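Notes follow the structure.
Residue numbers (my numbering): 27 to 288.
Below, the structure written as structure tokens:
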């Protein structure tokens, strides 16, 4: 509780101080820039708002149990379902804006300038978001398709825009390629999250030598435990055979080590 109150007081001090400074000095801030709604600045602003909302979700989920307990209302917990649900529906518009952002000009632009590219990206994204889960996992889960749609949308538009620049001979800087790499990296991250959240299986089972357990198409057989001794440790290693459709796939070596104290 003491640590939680310290964190809460620190956040109030930092955030409250910033808001107070803005309230005192805000009237002196003047902006003469007139950006259109359909411009890169507007899309960047939209993404910043979504990122701020995501930050507030984390802050709310972290501090709400502490505040609830300090008010004498009892103990509550904010678990994984809350964060997953909130983040998913915040990241969908974030991914949409992130993919389109690099295609839009600064200051002012028209949607029709990139209409053909966007339609091609929509078709490609819809096909890949359904095809990839089906090819890799033999079944399609709705939330996996949503995650793959986000990832494919970002990746397809990033690659398409880069190809356009190169084909036109447009000069590109290292910072631009860094942006492309960052967008592709985010697409890979979203793909990993979508698959691991919806297709991963975790089971706690007690096994003896000779016991087997089947998870999806894989059969794990606990063979034996051997004692091992290293230069500065001792322990044991469990040998677990893995087969798929009756064919050997691998042998897992799960070790537990106890290191000697010096």
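Heads up, the beta-carbon is just placed ideally off N, CA and C, and yes, glycines get one too.
All values derive from a computational prediction rather than experimental measurement.
To which residues of the same chain is residue 130 closer than 8 Å at the C-beta, ignoring the five residues directly before and after it?
Taking the chain shown and counting its residues from 1, the one referred to as residue 130 is at position 104. Here residue 130 has 64, 65, 66, 69, 140 as same chain residues with Cβ atoms under 8 Å from its own Cβ, once five neighbours each way along the sequence are excluded.
Cβ-heavy atom distance between residue 247 and the ligand FMN below 7 Å?
Among the components of this structure there are no ligands whatsoever, and the ligand FMN is therefore not found.
Residue 279 classed as buried or exposed, judged by whether at least 16 other C-beta atoms fall within 10 angstroms:
If you number the chain shown from 1, residue 279 lands on position 253. It counts as exposed.
Span of the alpha helix (DSSP H) around residue 209
Here the question's residue 209 lines up with position 183 in the chain shown. Note, residue 209: alpha helix (DSSP H), 200-225.
Tell me which residue opens and which closes the beta strand (DSSP E) that residue 142 is part of.
As a position in the chain shown, residue 142 is number 116, starting the count at 1. Taken as a continuous stretch (DSSP letters only), residue 142 belongs to no beta strand (DSSP E), being part of the alpha helix (DSSP H) at 141-163.
Looking only at its own chain, which residues have a Cβ that is under 6 Å from the Cβ of residue 225, when we skip the five neighbours before and after it?
Locating residue 225 in the chain shown gives position 199, counting from the first residue. The residues are 163.
Tell me where the beta strand (DSSP E) around residue 278 begins and ends.
For the purposes of this step, residue 278 is identified with residue 252 of the chain shown, where counting begins at 1. Note, residue 278: beta strand (DSSP E), 273-285.
From 187, 34, 251, pick the residue whose C-alpha is nearest to that of residue 144; which is it?
What you label residue 144 is simply residue 118 of the chain shown in a count that begins at 1. Looking at the Cα atoms, 187 is the closest of the given residues.
Starting from residue 228, follow the beta strand (DSSP E) in both directions and report where the run begins and ends.
The sequence position of residue 228 within the chain shown is 202, counting from 1. No beta strand (DSSP E) contains residue 228, which DSSP labels as neither H nor E.
Could you tell me whether the Cβ atoms of residue 247 and residue 266 are closer together than 8 Å?
The sequence position of residue 247 within the chain shown is 221, counting from 1. The sequence position of residue 266 within the chain shown is 240, counting from 1. Cβ distance < 8 Å, so residue 247 and residue 266 count as in contact.
Is the CB-CB distance between residue 104 and residue 91 below 8 Å?
As a first step, residue 104 must be located in the chain shown, where it is residue number 78. As a first step, residue 91 must be located in the chain shown, where it is residue number 65. Yes.
Assign residue 107 to buried or exposed, taking buried as 16 or more other Cβ atoms, counted over all protein chains shown, within 10 Å of its Cβ.
Locating residue 107 in the chain shown gives position 81, where the first residue counts as 1. With fewer than 16 other Cβ atoms within 10 Å, it is exposed.
Under the assumption that residue 180 contacts residue 213 (Cβ atoms under 8 Å), give the Cβ distance between them as a whole number of angstroms.
Taking the first residue of the chain shown as 1, we reach residue 180 at position 154. Taking the first residue of the chain shown as 1, we reach residue 213 at position 187. Correct: roughly 5 Å between the Cβ atoms.
Quick check on residue 33: does DSSP put it in helix, strand or coil?
Residue mapping note: residue 33 aligns to position 7 of the chain shown, counting from 1. Residue 33: helix per DSSP, three-state reduction.
Based on DSSP bridge pairs, tell me the residues matched to residue 265.
The residue labelled residue 265 in the question sits at position 239 within the chain shown. Paired residue(s): 250, 279.
DSSP three-state label for residue 103, please.
Stepping through the chain shown from its first residue, residue 103 is reached at position 77. Residue 103 falls in the coil class under three-state DSSP.
Under 8 Å Cβ to Cβ from residue 126, same chain only, skipping five residues before and after it: list those, please.
Position 100 of the chain shown, counted from the start, is the residue given in the question as residue 126. Excluding sequence positions up to five before and after residue 126, its CB lies within less than 8 Å of the CB of 69, 140, 144, 183, all in the same chain and listed in chain order.
Is the stretch 148-157 touching the stretch 188-205 in the sense that three or more CB pairs, one from each, lie closer than 8 Å?
Contact between the stretch 188-205 and the stretch 148-157 is absent, because fewer than three Cβ pairs lie under 8 Å.
Which residues mark the beginning and the end of the alpha helix (DSSP H) in which residue 193 is found?
Translated into positions along the chain shown, residue 193 becomes position 167. For residue 193, the uninterrupted alpha helix (DSSP H) run begins and ends at 168-194, by DSSP.
Hey, residue 235 and residue 252: beta-carbon distance below 8 Å or not?
Your numbering for residue 235 matches position 209 in the chain shown. Your numbering for residue 252 matches position 226 in the chain shown. Not closer than 8 Å, so no.
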